[in-house]
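Colleague: First, the structure itself, so that you have it in front of you.
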Amino acid sequence: MHNLGFALEAVWRVLLAGLILGAGLPALFALGVRSLAYGAGGPGRAPRPLGTAGGYLCFAIVLLGVALGITFIVASGFGKELSFEHVYPTVVDK
Amino acid sequence: MTIESVTETTVVLVLVIVTALGFDFTNGFHDTANAMATSIATRALRPKVAVLLSGVLNLVGAFLSVEVALTVSNAVVKIQNSNGTPKQDLVADGGAALLLIILAGLVGGIVWNLLTWLLGLPSSSSHALFGGLIGATIAGLGWSGVNWNGDGSKLDGVIGKVVLPAVMSPVIAGAVAATGTWLIYRITAGVDQRFTDNGFRWGQIGSASLVSLAHGTNDAQKTMGVITLALIATGAWTDTTNIPFWVKAACAVAIALGTALGGWRIIRTVGKGLVEISPPQGLAAESASAAVILASSHLGFALSTTHVATGSILGSGVGRPGALVRWAVAGRMVAAWLITLPAAAVVGALMWWLGNGVGGLAGAVTIFLVLLAAAAFMYLRSRRAPVDHTNVNDDWDARRELADADR
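Printed below as a string of structure tokens:
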């Protein structure tokens, strides 16, 4: 059952990437929402600019993740693939 | 080869192309739910806006497939060489033998897609297509025509490309979505709803759009590959490194129209039937789907968006303490997954025998007519209890009681 071996090999990588991008980014997004709410203050409380800034920082990181996803879709459409050889992603030929 | 047989093959080729585009169309509306069911159920988007957005993104995604693999069928059947050209002995008669296998396979895929749509079950369109092709190949070439297990060098064959991913991907997606849901609820506990509602609305729209785009690039390609294979088999196209532009355009438009039509029956099951979805769950589910689909396509792990999306939604139900998960609905769905490939294979094989028995052009026309009759029958059946954008979000249990009262 060589296929089972290959599949299990792929599975833990997909699970790892899924947890980082598919659960980590939404968690960061949630943190951004919380931070924005904290920054907005409330009735009888002054707004806290630091919270607002932190919120937008979280959203910016999430957007980078989304951009990575779109880059991957476009690159594979053009027969290229993303390489994570240099840690940061680069587009290379397949 | 006589002039007559050339014209006959051309007519069959046209039938194959029309049927392939028909399959692409059912692929579209069968899978709208994967991306948009959560956004529709949580009312992040109005139903018609959601399916239209998904349709447009599928169109864009399909056009992004500049490099299309012609070897899509190689994962499961042996009707092509590794460079994408058809096997020699299948095109010895001008391509008729290969065209019949493709046509019968496509009919098997469409019939199963329509039946599961009628029942509101989200089954995998790729499994239906592969199943149909496998059945038609077994009928036409025997058991040895099927690539069951690959050659041992990589993840390949029916086991490696279809069965194992189908078993594993919903579990991975479910685990990711459950983790995401749990984290989101922990992090935003106690935050005023006016912040969470708007934030998660945009999060859902963004992640669902990503799923739609990925779907367009992945799924439209399969039909493009099948049509080009048929063109090469008849000698109408010879380039194995490119596909004709009109094929790409036609497939892109077919899948986009299908998606924009919206498979409301399936959207209802996925969005309302499995889990009562809240906006944070919707965000977690769609993000998990997008991440798992993209990561696995990066790693060459061929999975079905349907299995991932439904796994994610179930996971988002598991990850939220106290959420209602309708395991009976999930069980019905899993049963449909299990029989999708064999059932489409049986239809594909029957169609091949029918077409081959009648023979020639008449045979191809006969199975095409059978397809039309089956499609018309299922459409008429669907009109008895229509589901559309007006009632897609109706309360699940209330409708169930009505249906039971009718019986």
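Heads up: the protein sequence lines correspond to chains A and B, in order.
When we follow the working numbering, the leftmost residue of the first sequence carries the number 1, and every step to the right adds one.
When we follow the working numbering, the leftmost residue of the second sequence carries the number 95, and every step to the right adds one.
Beta carbons are placed, not taken as given, at the ideal position from N, Cα and C, and that holds for glycine.
Keep in mind that this is a model prediction, so the values were computed, not measured.
Kindly indicate the opening and closing residues of the alpha helix (DSSP H) around Lys316 (chain B).
Modeller: Looking up residue 316 (chain B) in the second sequence gives position 222. Taken as a continuous stretch (DSSP letters only), the alpha helix (DSSP H) holding Lys316 (chain B) covers 287-327.
Colleague: What do you reckon, are the CB atoms on Val270 (chain B) and Leu28 (chain A) nearer than 8 angstroms?
Modeller: Numbered from its first residue, the second sequence carries residue 270 (chain B) at position 176. Numbered from its first residue, the first sequence carries residue 28 (chain A) at position 28. No, they are not a contact pair.
Colleague: Specify, as a first and last residue, the run of the alpha helix (DSSP H) that Val74 (chain A) falls within.
Modeller: Taking the first residue of the first sequence as position 1, residue 74 (chain A) is located at position 74. Counting along the chain, the alpha helix (DSSP H) containing Val74 (chain A) begins and ends at 49-77.
Colleague: Leaving out five residues before and five after Val110 (chain B) in sequence, what residues of the same chain have Cβ atoms less than 6 angstroms from its Cβ?
Modeller: Position 16 of the second sequence, counting from 1, holds the residue named residue 110 (chain B). So the qualifying residues of the chain are Leu193, Ile196, Leu197, Ala324.
Colleague: Looking only at C-alpha atoms, which of B:Leu223, B:Gly453, B:Leu474, B:Asp118 sits nearest to Leu355 (chain B)?
Modeller: Your numbering for residue 355 (chain B) matches position 261 in the second sequence. Measuring from the Cα of Leu355 (chain B), the nearest candidate turns out to be B:Asp118.
Colleague: Would you check if the distance between the CB atom of Ala384 (chain B) and the CB atom of Val305 (chain B) is smaller than 8 angstroms?
Modeller: Along the second sequence, one-based indexing puts residue 384 (chain B) at 290. Along the second sequence, one-based indexing puts residue 305 (chain B) at 211. Cβ atoms of Ala384 (chain B) and Val305 (chain B): closer than 8 angstroms.
Colleague: In terms of alpha-carbon separation, which member of B:Gly425, B:Arg475, B:Ala396, B:Gly149 lies closest to Lys248 (chain B)?
Modeller: By one-based count along the second sequence, residue 248 (chain B) stands at place 154. Per the Cα distances, B:Ala396.
Colleague: Under a CB-based cut-off of 8 angstroms, is Asp118 (chain B) close to chain A?
Modeller: Counting from one through the second sequence, the residue named residue 118 (chain B) turns up at place 24. Not closer than 8 angstroms to any Cβ of chain A, the Cβ of Asp118 (chain B) fails to qualify, so no.
Colleague: Decide if Ala499 (chain B) is buried, meaning its Cβ has at least 16 other Cβ atoms within 10 Å, or exposed.
Modeller: Here residue 499 (chain B) is taken as the residue at index 405 of the second sequence, counted from 1. Because the pLDDT at Ala499 (chain B) is just 46, under 50, the model does not fix this residue reliably, and the point stays unresolved.
Colleague: Using a beta-carbon distance below 8 angstroms, is Leu25 (chain A) in contact with chain B?
Modeller: Locating residue 25 (chain A) in the first sequence gives position 25, where the first residue counts as 1. Output row for Leu25 (chain A): interface = yes.
Colleague: Once the 5 residues before and after Arg501 (chain B) are set aside, which same chain residues still bring their CB inside 8 angstroms of it?
Modeller: Against the second sequence, residue 501 (chain B) aligns to sequence position 407. With a pLDDT of only 42 at Arg501 (chain B), under the threshold of 50, the placement of this residue in the model should not be trusted; the figure read from the coordinates follows. Contacts found: none.
Colleague: On the CB-based measure, 16 or more other CB atoms within 10 Å of its CB, does Asn506 (chain B) come out buried or exposed?
Modeller: Nothing in the structure corresponds to residue 506 (chain B), since chain B is present only between 95 and 501.
Colleague: For Val150 (chain B) and Gly122 (chain B), I'd like the C-alpha separation in whole angstroms.
Modeller: Translated into positions along the second sequence, residue 150 (chain B) becomes position 56. Translated into positions along the second sequence, residue 122 (chain B) becomes position 28. Straight-line Cα distance between these residues: approximately 11 angstroms.
Colleague: Name the chain B residues that come within less than 8 angstroms of Leu64 (chain A), Cβ to Cβ?
Modeller: Counting from 1 along the first sequence, the entry for residue 64 (chain A) is found at position 64. The premise fails here: Leu64 (chain A) is roughly 13 angstroms from chain B at the closest Cβ pair, so nothing lies under 8 angstroms.
Colleague: State buried or exposed for Asp489 (chain B), treating a residue as buried only when at least 16 other CB atoms are found within 10 Å of its CB.
Modeller: Taking the second sequence and counting its residues from 1, the one referred to as residue 489 (chain B) is at position 395. The residue is exposed, with fewer than 16 neighbouring Cβ atoms inside 10 Å.
Colleague: At 4 residues or longer, and completely inside the region 140-213 of chain B: list those alpha helix (DSSP H) runs for me, N to C.
Modeller: The qualifying runs are 141-158, 190-212.
Colleague: Are the Cβ atoms of Ile337 (chain B) and Thr322 (chain B) separated by less than 8 angstroms?
Modeller: Taking the second sequence and counting its residues from 1, the one referred to as residue 337 (chain B) is at position 243. Taking the second sequence and counting its residues from 1, the one referred to as residue 322 (chain B) is at position 228. Contact: yes.
Colleague: Are there 16 or more other CB atoms within 10 angstroms of the CB of Gly274 (chain B), so buried, or fewer, so exposed?
Modeller: For the purposes of this step, residue 274 (chain B) is taken as the residue at position 180 of the second sequence. By the neighbour-count rule (16 or more Cβ atoms within 10 Å), Gly274 (chain B) is buried.
Colleague: Taking one C-beta from the region 204-216 of chain B and one from the region 234-242 of chain B each time, how about it: are there three or more such pairs within less than 8 angstroms?
Modeller: No contact exists between the region 204-216 of chain B and the region 234-242 of chain B.
Colleague: Please name the residue in B:Arg475, B:Leu466, B:Thr332, B:Leu139 whose C-alpha comes closest to that of Gly116 (chain B).
Modeller: Start at 1 with the first residue of the second sequence, and residue 116 (chain B) comes out as number 22. Nearest option by C-alpha distance: B:Leu466.
Colleague: Take Thr165 (chain B) as the anchor and find which of B:Thr334, B:Pro374, B:Gly203, B:Ile278 has the nearest alpha-carbon.
Modeller: By one-based count along the second sequence, residue 165 (chain B) stands at place 71. The option with the nearest alpha carbon to Thr165 (chain B) is B:Thr334.
Colleague: What's the gap between the Cα of Glu81 (chain A) and the Cα of Leu158 (chain B)?
Modeller: Within the first sequence, the letter at position 81 stands for residue 81 (chain A). Within the second sequence, the letter at position 64 stands for residue 158 (chain B). Whole-angstrom Cα-Cα distance: 14 angstroms.
Colleague: When you compare only the Cα positions, how much space is there between Gly165 (chain A) and Leu258 (chain B)?
Modeller: This structure cannot settle anything about residue 165 (chain A), because the visible part of chain A is limited to 1 through 94.
Colleague: Using three-state DSSP, classify Asp93 (chain A) as helix, strand or coil.
Modeller: Taking the first residue of the first sequence as position 1, residue 93 (chain A) is located at position 93. If DSSP states are grouped into helix, strand and coil, Asp93 (chain A) belongs with the strands.
Colleague: Which residue comes first and which comes last in the alpha helix (DSSP H) that contains Lys80 (chain A)?
Modeller: Taking the first sequence and counting its residues from 1, the one referred to as residue 80 (chain A) is at position 80. Run containing Lys80 (chain A): none in the alpha helix (DSSP H); it sits in the beta strand (DSSP E), 80-83.
Colleague: For Gly274 (chain B), go through chain A and note every residue whose CB falls closer than 7 angstroms to its CB, in chain order.
Modeller: Residue mapping note: residue 274 (chain B) aligns to position 180 of the second sequence, counting from 1. Under the 7 angstroms cutoff, chain A gives Gly22, Ala23, Pro26, Ala27.
Colleague: What did DSSP end up calling Val341 (chain B) once you bin it into helix, strand or coil?
Modeller: Here the question's residue 341 (chain B) lines up with position 247 in the second sequence. Three-state result, Val341 (chain B): helix.
Colleague: Measuring alpha carbon to alpha carbon, tell me which of B:Asn485, B:Met130, B:Thr328 ends up nearest Val100 (chain B).
Modeller: As a first step, residue 100 (chain B) is located in the second sequence; it is residue number 6 there, counting from the start. Out of B:Asn485, B:Met130, B:Thr328, B:Thr328 has the C-alpha closest to the C-alpha of Val100 (chain B).
Colleague: By the criterion of Cβ-Cβ separation under 7 angstroms, what are the contact partners of Asn243 (chain B) in chain A?
Modeller: Counted from its first residue, the second sequence places residue 243 (chain B) at position 149. Those within 7 angstroms of Asn243 (chain B) in chain A are Asn3.
Colleague: Where DSSP assigns a beta bridge to Gly42 (chain A), which residues make up the other side?
Modeller: Counting from 1 along the first sequence, the entry for residue 42 (chain A) is found at position 42. DSSP, once it has assigned bridges, lists A:Arg45 as partnering Gly42 (chain A).
Colleague: Leu82 (chain A) versus chain B: which residues are under 9 angstroms apart at the beta carbon?
Modeller: Here residue 82 (chain A) corresponds to residue number 82 of the first sequence, with the count starting at 1. By Cβ distance, chain B contributes His392.
Colleague: Do Ala267 (chain B) and Gly391 (chain B) come within 8 angstroms of each other at the CB atom, strictly closer than that value?
Modeller: The count along the second sequence starts at 1 and reaches residue 391 (chain B) at position 297. The count along the second sequence starts at 1 and reaches residue 267 (chain B) at position 173. What sits at residue 391 (chain B) in the sequence shown is Ser, not Gly. No; because the gap between Cβ atoms is not below 8 angstroms, this pair is not in contact.
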